[in-house]
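Chains as they are written, first to last, in UniProt numbering: chain A, 1 to 249; chain B, 1 to 249.
2 protein chains.
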Amino acid sequence: MPRYRMIVEYEGTGYSGWQRQQAGVLSIQEAIERAILASGQEEATVHACGRTDAGVHARGQVAHVTLAKNWPPFKLMEAVNFHLKPQPIALLDVSIVPDDWHARFSCIGRWYRYRILCRRAPPALDKGRVWSVGYKLDPNAMQAGADRLLGRHDFTSFRASLCQADSPIRTLDRLEVRAVEDEIQITAAARSFLHHQVRNMVGTLALVGQGKWTPDDVTRALEARNRSVAGPTAPAEGLYFMGAVYPEE
Amino acid sequence: MPRYRMIVEYEGTGYSGWQRQQAGVLSIQEAIERAILASGQEEATVHACGRTDAGVHARGQVAHVTLAKNWPPFKLMEAVNFHLKPQPIALLDVSIVPDDWHARFSCIGRWYRYRILCRRAPPALDKGRVWSVGYKLDPNAMQAGADRLLGRHDFTSFRASLCQADSPIRTLDRLEVRAVEDEIQITAAARSFLHHQVRNMVGTLALVGQGKWTPDDVTRALEARNRSVAGPTAPAEGLYFMGAVYPEE
Chain A
1 MPRYRMIVEY
11 EGTGYSGWQR
21 QQAGVLSIQE
31 AIERAILASG
41 QEEATVHACG
51 RTDAGVHARG
61 QVAHVTLAKN
71 WPPFKLMEAV
81 NFHLKPQPIA
91 LLDVSIVPDD
101 WHARFSCIGR
111 WYRYRILCRR
121 APPALDKGRV
131 WSVGYKLDPN
141 AMQAGADRLL
151 GRHDFTSFRA
161 SLCQADSPIR
171 TLDRLEVRAV
181 EDEIQITAAA
191 RSFLHHQVRN
201 MVGTLALVGQ
211 GKWTPDDVTR
221 ALEARNRSVA
231 GPTAPAEGLY
241 FMGAVYPEE
Chain B
1 MPRYRMIVEY
11 EGTGYSGWQR
21 QQAGVLSIQE
31 AIERAILASG
41 QEEATVHACG
51 RTDAGVHARG
61 QVAHVTLAKN
71 WPPFKLMEAV
81 NFHLKPQPIA
91 LLDVSIVPDD
101 WHARFSCIGR
111 WYRYRILCRR
121 APPALDKGRV
131 WSVGYKLDPN
141 AMQAGADRLL
151 GRHDFTSFRA
161 SLCQADSPIR
171 TLDRLEVRAV
181 EDEIQITAAA
191 RSFLHHQVRN
201 MVGTLALVGQ
211 GKWTPDDVTR
221 ALEARNRSVA
231 GPTAPAEGLY
241 FMGAVYPEE
């Protein structure tokens, strides 16, 4: 049975997140599985690289599904996109991968972007797609704070209490802060992240951007290995799963 | 009575456009006038620089309103934004202007951006905010076509039949085509535009981008002074009113 790799874009607002969770609230996964069912009468489970939370968006989520039917990849993409309408979910690409290829377990790199809107007025065009803080943040101070988190560390202070990972050790390869018009955009890359790690790092860097914290406070929070010492969790709506890297690429 | 200048951002989807039009469909103008009424019990007419069509968005629409009440501008902005919620309309700035300042008649420059999504998959995150053509366009050919429209011309071929302007003569100062990831973005600037002029120019340039038209065909269409000879009107959803220029700036 062929296995298909899918690149998925979605606006997470109104969905329960990637994974099936609450009764009555649709997940991105279910929406795609239903569209696959409508396309080819097959019930199948779609596995994602990063199981995003409710309200988190994706520009390049990676997923896979194994189907009995031998679809030309482009036709599968067209059929699923047709049945996904009018939902804000679309397959950007479909390709065939080996039977042992796994969107989550084969992945060797993930990257996210977080958008913070730094103006007094609420977002109109980007409602639900940015964290609207209502004030300016200092991108240089935030970058100095971000630099303290780079590398291999115990990220317990930035890990959700519900995180199921075996180890709190992660290697953060990239954490870049960029001012883009009236936004601060933070790009994070690592082999993998802990649950809420990006949002918790962003919530902490926002304290630095406001001048409430210094970069040294970030180091202290990291070293404390205690979630209650770091900053708050930034809201889901500013977060985008941008893409993933696999060994064959 | 003080006159207030307002910078407005909005997502035009679902609105009848800037101006009051159909019964039962709210316009951006009415939405703001209602929020002003709710803020200070004043009925007032809001005048815009560019009266955008249904579905057209704005990042920097300029408008003015004269009110009996003497508001600190920031307080007026806060009150109106509060009463606009949860609509995708926000005042980005409010300032006091002279009594003879007019958002439309004082304006000496306007600029728009048009976004074309050039991929097979429909837009998910940018649903309603881009023209999704479903295929690649050649930005260099489009720029060569765009260059033929620069300068002072009779733009009858690119003017809506319902256009109420006295003259079809306009001076196009800027028409730039830029490839940005899987989008083509077209930026247009002029003192003023005819009705549908940007969308009609974009529809024509899309023909050039597909290779169906050459830049010479653009010149021929312009010289024909006949709307039926130029390309189709690009859809409203890709168009953004970006900003306006005034003599005092």
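C-beta atoms are modelled at their ideal positions from N, C-alpha and C, and glycine is treated no differently.
Asked	Found
Go ahead and pull the three-state DSSP assignment for R227 (chain A).	helix
Using a Cβ cut-off of 9 Å, which residues of the segment 99 to 125 of chain B contact any Cβ in chain A, in chain order?	R119, R120, A121, P122, P123, A124, L125
With 9 Å as the limit, tell me which residues of the segment 46 to 59 of chain A have their beta carbon closer than that to any beta carbon of chain B; keep them in chain order.	H57, A58, R59
At 4 residues or longer, and completely inside the segment 122 to 177 of chain A: list those alpha helix (DSSP H) runs for me, N to C.	139 to 147
How far does the beta strand (DSSP E) with H83 (chain B) in it extend, from its first residue to its last?	Element bounds for H83 (chain B): not the beta strand (DSSP E) but the alpha helix (DSSP H), 73 to 84.
Quick one: Cα of I116 (chain A) to Cα of W131 (chain A), how far?	5 Å
From this set, A:R178, A:N140, A:E11, A:M77, which residue's C-alpha is nearest R129 (chain A)'s C-alpha?	A:E11
Find out if the Cβ-Cβ distance for the pair G60 (chain A), V94 (chain A) is shorter than 9 Å.	no
Find the residues of chain A that neighbour K127 (chain B), judging by a C-beta separation of less than 7 Å, and give them in chain order.	P88
Can you find a CB in chain A that lies within less than 9 Å of the CB of K69 (chain B)?	no
Tell me, please, which residues DSSP counts as bridged to D93 (chain A).	A:I7
So who's on the other strand from D53 (chain B), going by DSSP bridges?	B:G17
What does the alpha-carbon distance come out to for the pair A103 (chain A) and R5 (chain A)?	7 Å
Beta carbon of A121 (chain A), beta carbon of M77 (chain B): below 9 Å?	yes
Run through DSSP, which three-state label would L239 (chain B) get?	strand
Residues bridged to H64 (chain B) by DSSP?	B:R5, B:H47
With a cut-off of 8 Å, do at least 3 Cβ pairs link the segment 149 to 159 of chain B to the segment 79 to 94 of chain B?	no
Count the other CB atoms within 10 Å of the CB of L207 (chain A); is the residue buried (16 or more) or exposed (fewer)?	buried
By DSSP, does I36 (chain B) sit in helix, in strand, or in coil?	helix
Return yes when the Cβ of V218 (chain B) is within less than 9 Å of the Cβ of G145 (chain B), no when it is not.	yes
Can you confirm whether the segment 71 to 87 of chain A touches the segment 218 to 231 of chain A when touching is taken to mean that 3 or more C-beta pairs between the two stretches lie within less than 8 Å?	no
If we count the other Cβ atoms within 10 Å of its Cβ and call it buried at 16 or more, is S39 (chain A) buried or exposed?	buried
Quick one: what does DSSP say residue 258 (chain A) is sitting in, helix, strand or coil?	Any answer about residue 258 (chain A) is impossible in this case: the structure gives chain A only from 1 up to 249.
For the beta strand (DSSP E) containing R199 (chain A), list its first residue and its last residue.	That residue, R199 (chain A), is in no beta strand (DSSP E); its alpha helix (DSSP H) goes 197 to 209.
Which partner residues does W111 (chain B) have in the DSSP bridge list?	B:A189, B:G243
Would you please state the rounded distance, in angstroms, between the beta carbons of H194 (chain B) and R148 (chain B)? I believe it to be under 8 Å.	It should be pointed out that residue 194 (chain B) corresponds to Leu in this sequence rather than to His. Actually they do not touch by this definition, with Cβ atoms about 17 Å apart.
Output needed for V97 (chain A): all residues of its chain with C-beta closer than 8 Å, excluding positions within five of it in sequence on either side, in chain order.	R3, Y4, R5, H64
Using only the alpha-carbon positions, how far apart do F82 (chain A) and A68 (chain B) sit?	54 Å
Taking the alpha-carbon of R170 (chain A) as reference, which of A:A179, A:P215, A:A188, A:E176 has the nearest alpha-carbon?	A:A188
What does Y10 (chain B) touch in chain A if you count any residue whose Cβ is under 9 Å from its own?	A124, L125
Could you work out which residue in A:A23, A:W71, A:G24 is closest to I36 (chain A) when comparing CA atoms only?	A:W71
When the Cα atoms are used, what is the spatial distance from F105 (chain A) to T233 (chain A)?	26 Å
Judging by CA-CA distance, which residue of A:M142, A:I32, A:V62, A:Q185 is the nearest neighbour of T45 (chain A)?	A:I32
Can you give me the C-alpha to C-alpha distance between D53 (chain A) and E30 (chain A), rounded to a whole angstrom?	14 Å
To the nearest angstrom, how far is it from the Cα of D99 (chain A) to the Cα of S16 (chain A)?	29 Å
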